[in-house]
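Asker: Residue numbers (the working numbering): 3 to 269.
Every residue gets a Cβ at the ideal spot worked out from N, C-alpha and C, and that includes glycine.
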Ligand SMILES: [Zn+2]
Ligand SMILES: [Zn+2]
Ligand SMILES: [Zn+2]
């Protein structure tokens with residue numbers, strides 16, 4: 003039995019797909035649910051140890067997630083890919099420059115740097131009088147492992163239809179945590195690297211048999227999870243078509259769970 007160290011945690015800041023749940027204009031039962039676990043903001047996680055706080059992706063709900071979870075310090079922001087639901091809270095990182103009186107280390111896949119500069123050019127130009135901008139120390143990533151303080155991180159490829167995505171494998175204390183969002187399939191090298199994780203986080207769009215070209219549905223995600231042999235799996239990036247949290251959770255195999263916003267796991 004693994005010793006639990008409550009000073010290290012892994013938290014789901016957001017577990018929703020690009021539309022979020024409830025979805026604007028939708029009157030389905032899940033979107034009308036009063037269960038907070040059915041309220042899914044855009045996808046993001048944090049990993050926190052004694053000395054390090056890492057965020058993966060800053061979607062459009064990032065500011066609300068920071069307020070809800072009382073996040074006051076960030077040591078590094080990691081990006082998975084350049085899709086609006088993962089990136090468009092970026093400007094709200096400005097406040098951490100102010101709080102920490104320093105530039106913020108940002109890690110992004112090398113393939114997304116040009117899009118980042120095109121869209122967020124103001125972050126690298128001198129602001130006009132009275133204006134502020136986020137100040138970053140940008141690191142572009144290939145698949146070379148790196149570390150943020152004592153947390154070692156492997157970078158892996160994830161297939162998301164025609165879009166490239168990076169996944170991250172975190173080695174935090176004695177735990178191996180693999181975060182693979184916006185996944186349709188995995189190349190063999192990634193399968194080797196994420197196998198036997200203590201915690202696997204995998205995206206799953208909906209609980210029906212329809213197939214999406216860029217995302218796994220729940221059954222496909224369950225099948226892929228079995229192949230990767232993790233101790234525990236959490237599914238994220240969920241639409242309203244995943245169903246009510248409480249009901250879909252009952253249908254899952256014992257070691258697999260639906261994530262929900264605010265779910266915190268000691269690692
Ligand atoms: Zn709905
Ligand atoms: Zn995406
Ligand atoms: Zn997404």
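For residue 30, name the three-state secondary structure that DSSP assigns.
Answerer: coil
Asker: Mind listing, in chain order, the residues whose beta carbon lies closer than 6 angstroms to a non-hydrogen atom of ligand 3?
Answerer: Matched residues: 20, 45, 85, 87, 88, 184 and 239.
Asker: Whole-angstrom Cβ separation of residue 47 and residue 13, contact assumed at under 8 angstroms?
Answerer: 7 angstroms
Asker: Going by beta carbon distance, what residues of the same chain come within less than 8 angstroms of residue 113, once the five residues before and after it are set aside?
Answerer: Excluding five sequence positions before and after residue 113, the CB atoms of its chain that fall closer than 8 angstroms to its own CB belong to 166, given in chain order.
Asker: Please find out if some non-hydrogen atom of ligand 2 comes closer than 7 angstroms to the beta-carbon of residue 165.
Answerer: yes
Asker: Which residues mark the beginning and the end of the alpha helix (DSSP H) in which residue 174 is found?
Answerer: Taken as a continuous stretch (DSSP letters only), residue 174 belongs to no alpha helix (DSSP H), being part of the beta strand (DSSP E) at 165-174.
Asker: Where do the ends of the alpha helix (DSSP H) carrying residue 89 lie?
Answerer: 86-89
Asker: Determine whether the beta carbon atoms of residue 240 and residue 19 lie at a separation below 8 angstroms.
Answerer: yes
Asker: Can you find the residues in the same chain that come closer than 7 angstroms, C-beta to C-beta, to residue 3, ignoring five residues on each side of it along the sequence?
Answerer: Only weak support exists for where residue 3 lies, its pLDDT of 49 falling under 50; the coordinates are left without a value.
Asker: Name the residue from 139, 68, 118 and 73 whose alpha carbon lies nearest to the alpha carbon of residue 104.
Answerer: Of the residues 139, 68, 118 and 73, the one whose Cα lies closest to the Cα of residue 104 is 139.
Asker: Using only the alpha-carbon positions, how far apart do residue 268 and residue 153 sit?
Answerer: 15 angstroms
Asker: Counting Cβ pairs, one atom from each stretch, are 3 or more of them under 8 angstroms apart for the stretch 24-38 and the stretch 216-234?
Answerer: no
Asker: Would you mind working out which of 218, 93, 142 and 16 sits nearest residue 207, comparing C-alpha positions?
Answerer: Measuring from the Cα of residue 207, the nearest candidate turns out to be 218.
Asker: Could you have a look at residue 21 and say whether DSSP puts it in helix, strand or coil?
Answerer: coil
Asker: Between the stretch 170-186 and the stretch 61-75, do at least 3 Cβ pairs fall closer than 8 angstroms?
Answerer: Judged by Cβ distances under 8 angstroms, the stretch 170-186 makes no contact with the stretch 61-75, as fewer than three pairs qualify.
Asker: Where residue 222 and residue 22 are concerned, what is the direct C-alpha to C-alpha distance, given to the nearest angstrom?
Answerer: 21 angstroms
Asker: Sorted by chain position, which residues of the same chain lie with C-beta nearer than 6 angstroms to residue 215's C-beta, five sequence neighbours on each side aside?
Answerer: Sequence-distant Cβ neighbours of residue 215 in its own chain, meaning closer than 6 angstroms and more than five residues away, are 163.
Asker: State buried or exposed for residue 256, treating a residue as buried only when at least 16 other CB atoms are found within 10 Å of its CB.
Answerer: exposed
Asker: Mind reading off the beta-carbon distance from residue 161 to residue 182? Whole number of angstroms is fine, and I expect it under 8 angstroms.
Answerer: With a Cβ gap of about 10 angstroms, residue 161 and residue 182 do not count as contacting.
Asker: So, residue 95 versus residue 60, is the Cβ gap smaller than 8 angstroms?
Answerer: In terms of Cβ geometry, residue 95 and residue 60 form a close pair [threshold 8 angstroms].
Asker: Going along the chain, which residues of its own chain have a beta-carbon closer than 7 angstroms to the beta-carbon of residue 45, five neighbours each way excluded?
Answerer: Answer for residue 45: 16, 17, 18, 59, 61, 87, 88, 183, 238 and 239, listed in chain order.
Asker: Between 98, 265, 68 and 64, which lies nearest to residue 90 when the distance is taken from Cα to Cα?
Answerer: 64
Asker: Please state the DSSP three-state secondary structure of residue 118.
Answerer: helix
Asker: Is residue 263 closer than 8 angstroms to residue 43 when the C-beta atoms are compared?
Answerer: yes
Asker: Using the three-state DSSP reduction, which class does residue 253 fall into: helix, strand or coil?
Answerer: helix
Asker: In three-state DSSP terms, what is residue 134?
Answerer: DSSP places residue 134 in coil when its eight states are reduced to three.
Asker: Using C-beta distances below 6 angstroms, list every residue in its chain close to residue 79, excluding the 5 sequence neighbours before and after it, in chain order.
Answerer: Result list for residue 79: 57 and 108, in chain order.
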